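Novice: Next up is a structure, given as structure tokens.
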Amino acid sequence: MMGRNHFRKFKLIIWGALLLAALVFFGAADVAPVYADPPPPDGACVGCHQDNQRTLTLPSGEELSLLALPEELAASPHTPSGEQPVSCSNCHLGPTRYRYPHPATPAHSLEEYTALAAQNCQECHNPHNPLHQNAEDDQPLVDAAAAELPNCIDCHGSHAVAPVAQIAKTMAPNCLTCHTDKESNWAENLIAPRTGLGAGADGYVGSRRCLGCHTDNYLGWRDTLHARTIHDVGLNPETVLADFDQPGVQLPFGMEEVKYVIGEKWQQRFITETVAGDLLVLPGQWNIATQEWVVDQRAEGETLNWRTECSFCHVTGLETAAWEFQEFGIGCEDCHGPGEAHADNPQEMAVFNQADDQVCGACHSRGTAPEGHPFPASYRPGDTLTDHFTFTADETTRWPNGSAKIHNQQYTDWMLSNKMQGPDGLRCVTCHAVHGKGEGPSQTLLPTNEMCSGCHAEKTTLARHIPYHQQAITKRDFTCNNCHMPLMATSAVAYDIHNHTFQQPNPQGTLDHGGLELMPNACNQCHTKQAETAEWAVKTINWAVENYSIVRTEYIFAPGPTPTSPPVPTPLPSVGERHEVKAYVDFAWVRPIFFSGLGLVGLVVLLLIVRSLWSRRASDAR
0 MMGRNHFRKF KLIIWGALLL AALVFFGAAD VAPVYADPPP PDGACVGCHQ
50 DNQRTLTLPS GEELSLLALP EELAASPHTP SGEQPVSCSN CHLGPTRYRY
100 PHPATPAHSL EEYTALAAQN CQECHNPHNP LHQNAEDDQP LVDAAAAELP
150 NCIDCHGSHA VAPVAQIAKT MAPNCLTCHT DKESNWAENL IAPRTGLGAG
200 ADGYVGSRRC LGCHTDNYLG WRDTLHARTI HDVGLNPETV LADFDQPGVQ
250 LPFGMEEVKY VIGEKWQQRF ITETVAGDLL VLPGQWNIAT QEWVVDQRAE
300 GETLNWRTEC SFCHVTGLET AAWEFQEFGI GCEDCHGPGE AHADNPQEMA
350 VFNQADDQVC GACHSRGTAP EGHPFPASYR PGDTLTDHFT FTADETTRWP
400 NGSAKIHNQQ YTDWMLSNKM QGPDGLRCVT CHAVHGKGEG PSQTLLPTNE
450 MCSGCHAEKT TLARHIPYHQ QAITKRDFTC NNCHMPLMAT SAVAYDIHNH
500 TFQQPNPQGT LDHGGLELMP NACNQCHTKQ AETAEWAVKT INWAVENYSI
550 VRTEYIFAPG PTPTSPPVPT PLPSVGERHE VKAYVDFAWV RPIFFSGLGL
600 VGLVVLLLIV RSLWSRRASD AR
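Quick note: the sequence shown uses numbering that gives the first Met the number 0, first residue 0, plus one each step.
Have a look at this one:
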């Protein structure tokens with residue numbers, strides 16, 4: 000009997016232990032952690048510092064104000080009443096720093112104090128210093144020695160830190176505290192260069208919002224042809240390349256009328272602002288290559304409204320109700336779509352980030368939008384361009400083979416070359432830099448031949464690739480685009496834009512369409528002597544085919560003078576859609592269950608052993 004009583008007591012102890020373990024395990028998940036000495040509410044801090052006019056004298060002799068205005072805190076992103084509240088002790092860290100009386104600050108000077116305080120910013124924010132010299136910036140916007148680099152508080156302030164959307168307006172005074180030799184407009188233009196007119200289309204925030212996180216891309220982009228497509232002459236007078244005092248030229252306008260200048264590579268056009276605020280394109284063009292003026296032949300009283308006729312391809316974030324826009328120049332959002340949602344929530348909201356040639360085609364093509372605009376104003380990166388734009392087939396803009404006759408049609412040229420459009424085909428960004436100026440002409444990634452030979456290495460031996468040019472090879476340097484992308488479109492002067500069909504327009508097409516003036520070809524863009532006619536070029540090609548081992552001519556020249564209709568571009572995912580975020584699987588529950596189960600098994604085994612021992616003892620007693 001005694002043995003049985005002991006065994007029952009032992010079983011009660013075991014089951015009690017199991018019950019206690021279960022209560023601890025299942026109740027632990029619902030128990031919130033308790034911290035010792037929680038910081039006091041902000042009311043205690045504000046109660047002393049909201050009207051505190053005293054100062055703290057630092058060991059350096061500098062005075063530190065003890066005033067912290069509640070209205071500044073309330074208006075900042077760090078407001079205690081915000082979606083992600085920040086309390087005083089979140090920034091003023093330390094187990095005893097917030098207690099009264101406060102211990103002495105470890106800082107010896109005001110500079111050291113702000114540097115120590117700024118370190119706390121990096122607990123929540125990624126450190127960045129995009130406008131100043133550091134190890135990662137090859138071309139800083141502001142020169143500064145490493146020891147003089149500003150910290151977070153120097154630029155953003157402390158209690159009155161501005162929301163990101165307002166930085167362009169509020170940070171300029173902070174810049175001038177260090178750059179005492181500069182003026183306010185210098186700082187404003189540095190922080191937000193080429194600011195637009197008005198608010199612009201919904202969701203657009205300007206390229207300056209990209210600077211903080213995408214510093215390398217921003218600093219590379221800011222000096223590209225895209226970024227610099229248009230300038231405010233009042234802010235940047237050096238961007239005017241034209242000679243307004245050229246002898247023998249009678250211009251219908253003067254430099255004093257110019258408000259904005261467009262272009263800096265091939266030509267410059269000029270915009271004036273009327274008393275009513277209209278922006279009109281002035282009737283004259285400066286050709287940079289030839290250093291000469293070309294005056295427009297307009298009817299008396301005829302004007303060209305820049306906003307309604309041109310602006311989409313010169314600005315970012317255009318809206319056509321009030322004709323306002325976010326930014327001068329082709330900015331980040333022209334290619335990546337409206338960036339406000341991404342800037343506010345980068346972890347969840349994506350911008351468009353595909354190598355989609357339609358983005359380039361929105362401006363490098365000509366046509367008409369459904370609303371009647373000469374540009375696809377409603378197009379956004381990620382859309383199907385042809386839903387917003389019908390390409391022109393007008394004979395004044397295209398040659399008979401469909402290729403471009405005048406500038407801004409590189410995309411429609413490329414669409415004629417069907418072999419280039421497969422998944423492994425050539426794209427705009429294959430050759431052209433978008434976040435930098437590139438190393439070759441026209442913002443190409445590399446010099447022409449070096450770039451082409453990256454894919455066509457077997458063509459680098461010109462004596463084999465063009466054996467019938469043996470003498471010419473010794474007299475001049477050939478580039479691949481002399482033959483494969485001849486100069487056939489006109490921007491400033493005749494034939495200054497390369498053909499982008501990659502089809503080598505055939506001299507036979509020139510004969511079929513009535514001569515060189517009606518249909519140029521690849522050969523006669525170089526062979527311009529009187530005897531070097533299109534007929535001569537055709538005969539020369541036929542002779543070369545008979546006398547040299549070369550590829551078939553249908554692989555050299557375009558298939559014929561009348562191209563097939565361009566295919567409809569394939570639509571890509573829409574801008575602004577959420578990232579596909581895989582749910583994080585928390586396996587923290589596995590460990591306690593495993594060990595609890597293991598302990599339970601151990602208890603059961605122990606119980607069986609005890610029971611066996613008691614059974615043997617009882618059997619021996621009988």
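For each residue, glycine too, the CB sits at the ideal point set by N, CA and C.
For clarity, every value in this text was computed on a predicted model and none was experimentally measured.
Looking at T228 and C312, is the spacing between their C-beta atoms short of 9 angstroms?
Specialist: Result yes, Cβ atoms of C312 and T228 sit closer than 9 angstroms.
Novice: Tell whether a beta-carbon distance below 9 angstroms holds between L65 and T54.
Specialist: Against a cut-off of 9 angstroms, the Cβ pair of T54 and L65 comes out as a contact.
Novice: Would you mind giving the Cβ-Cβ distance between N498 and M487, rounded to the nearest angstrom? I have them listed as a contact below 8 angstroms.
Specialist: That belief holds up - the Cβ atoms of N498 and M487 are roughly 4 angstroms apart, short of 8 angstroms.
Novice: Under the assumption that L303 contacts S310 (Cβ atoms under 8 angstroms), give the Cβ distance between them as a whole number of angstroms.
Specialist: Not confirmed; about 12 angstroms, so no contact.
Novice: Which of the three DSSP states, helix, strand or coil, is assigned to Y410?
Specialist: Helix.
Novice: In whole angstroms, what separates the C-alpha of H341 from that of E291?
Specialist: If I take the Cα positions, the gap works out to 46 angstroms.
Novice: Please classify A456: is it buried, with 16 or more other beta-carbons within 10 angstroms of its beta-carbon, or exposed?
Specialist: So A456 counts as exposed.
Novice: In this structure, does DSSP put L115 in helix, strand or coil?
Specialist: If DSSP states are grouped into helix, strand and coil, L115 belongs with the helices.
Novice: Spatial neighbours of A114 within its chain, please: C-beta separation below 6 angstroms, excluding the five flanking residues on both sides.
Specialist: Taken in chain order, the residues that qualify are N150.
Novice: For the beta strand (DSSP E) holding S59, just list the boundary residues, first then last.
Specialist: Per DSSP, S59 belongs to no beta strand (DSSP E) and is neither H nor E.
Novice: Quick check: what's the CA-CA separation for T478 versus C525?
Specialist: Spanning the two alpha carbons is a distance of roughly 12 angstroms.
Novice: Quick one, which of E61, C87 and P485 has its alpha-carbon nearest E71's?
Specialist: The shortest Cα separation from E71 among E61, C87 and P485 belongs to C87.
Novice: Which residue spans inside the region 265–289 form an unbroken beta strand (DSSP E) run of at least 3?
Specialist: As far as the region 265–289 is concerned, its whole beta strand (DSSP E) runs of at least 3 residues are 266–272 and 278–286.
Novice: Whose CA, out of Q507, T527 and M518, lies closest to the CA of I540?
Specialist: Closest by alpha carbon: Q507.
Novice: Let's test the definition: count the other Cβ atoms within 10 Å of the Cβ of I608 and tell me whether it reaches 16, buried, or not, exposed.
Specialist: The residue is exposed, with fewer than 16 neighbouring Cβ atoms inside 10 Å.
Novice: Do Y259 and F327 have their C-beta atoms within less than 9 angstroms of each other?
Specialist: Yes, the Cβ-Cβ distance between Y259 and F327 is below 9 angstroms.
Novice: Spatial neighbours of C522 within its chain, please: CB distance less than 6 angstroms, with the 5 preceding and 5 following residues excluded, ordered by chain position.
Specialist: The residues are P506 and A536.
Novice: Near L281, what residues of its chain come up, given a Cβ to Cβ distance below 6 angstroms and the 5 sequence neighbours on each side ignored?
Specialist: So the qualifying residues of the chain are F252, F269 and T271.
Novice: Would DSSP call I190 helix, strand or coil?
Specialist: It is helical.
Novice: Just verifying my parser: in three-state terms, what is the DSSP assignment at R475?
Specialist: R475 falls in the coil class under three-state DSSP.
Novice: Quick check on E326: does DSSP put it in helix, strand or coil?
Specialist: Strand at E326.
Novice: Please list, in chain order, all residues of the same chain as G437 whose beta carbon is under 8 angstroms from its beta carbon, the five residues on each side excluded.
Specialist: H431, T443, L444 and L445, listed in sequence order.
Novice: Does the beta-carbon of G424 have 16 or more other beta-carbons within 10 angstroms, so that it is buried, or is it exposed?
Specialist: It is exposed - the Cβ of G424 has fewer than 16 other Cβ atoms within 10 Å.
Novice: Are the beta-carbon atoms of P375 and A361 separated by less than 9 angstroms?
Specialist: Yes, they are a contact pair.
Novice: Would D393 count as contacting chain C if we go by Cβ distances under 9 angstroms?
Specialist: Although the question refers to chain C, the structure presented lacks it and comprises just one protein chain.
Novice: Per DSSP, what kind of secondary structure is V293 in: helix, strand or coil?
Specialist: Residue state, collapsed to three classes: strand.
Novice: Whole angstroms is fine: what's the gap from M518's alpha carbon to Q503's?
Specialist: Approximately 12 angstroms, taken between the alpha carbons.
Novice: For D625, which residues of its own chain have a beta-carbon under 7 angstroms away from its beta-carbon, when the five flanking residues on both sides are left out?
Specialist: This structure cannot settle anything about residue 625, because the visible part of the chain is limited to 0 through 621.
Novice: If we call anything under 9 angstroms between Cβ atoms a contact, is L68 one with A161?
Specialist: Going by C-beta atoms, L68 is not nearer than 9 angstroms to A161.
Novice: In chain order, what residues of the same chain lie with their CB nearer than 8 angstroms to the CB of N235, ignoring the 5 residues before and after it?
Specialist: So no residue of the chain qualifies.
Novice: In the region 480–527, which residue ranges form an unbroken alpha helix (DSSP H) of at least 4 residues, counting only runs that do not cross its ends?
Specialist: The region 480–527 contains these whole alpha helix (DSSP H) runs: 506–511.
Novice: Apply the 10 Å Cβ neighbour rule to N546 and answer buried if 16 or more other Cβ atoms are within range, or exposed otherwise.
Specialist: By the neighbour-count rule (16 or more Cβ atoms within 10 Å), N546 is not buried but exposed.
Novice: Quick one: residues in its chain with C-beta nearer than 8 angstroms to the C-beta of V603, no 5 flanking neighbours on either side, listed in chain order?
Specialist: Same-chain partners within the cutoff: there are none.
Novice: What does the alpha-carbon distance come out to for the pair L175 and S80?
Specialist: Those two C-alpha atoms are separated by around 32 angstroms.
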